[in-house]
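Visitor: Input: one structure, supplied below.
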Amino acid sequence: MDPRSEVLLRQAELFQGNLLLVGLPADDLLGRLPNAHGWCWHAGDQAALDARFAERSQFGVNVPERA
């Protein structure tokens, strides 16, 4: 797991509501935070995230509508 994700998961109780993760790593963070959605700018990371968490991460330069 990416160190950035580990920092967030240590305080997961603070993130119980809807959450938009910007520039998230391609790890299991979305799996651990069920109300989170991702916004990614890296095509390779987005492909990995989309394969594991379909419809929970968006690729692009525009802010996702659900933000």
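For the sequence shown, this note's numbering begins at 4 and goes up steadily by one. Glycine included, each C-beta is placed from N, C-alpha and C at the ideal position.
Report yes if the CB atom of glycine 34 is closer than 8 Å to the CB atom of phenylalanine 56, and no otherwise.
Guide: Yes, they are a contact pair.
Visitor: Within the same chain, show all residues whose beta-carbon is closer than 6 Å to that of aspartate 5, passing over the 5 residues directly before and after it, in chain order.
Guide: Only Pro28, Asp30 meet the Cβ criterion.
Visitor: Going by Cα to Cα distance, which pick from Leu36, Gln61, Ala39, Leu32 is closest to histidine 45?
Guide: Closest by alpha carbon: Gln61.
Visitor: Kindly indicate the opening and closing residues of the beta strand (DSSP E) around leucine 22.
Guide: Element bounds for leucine 22: 22-25.
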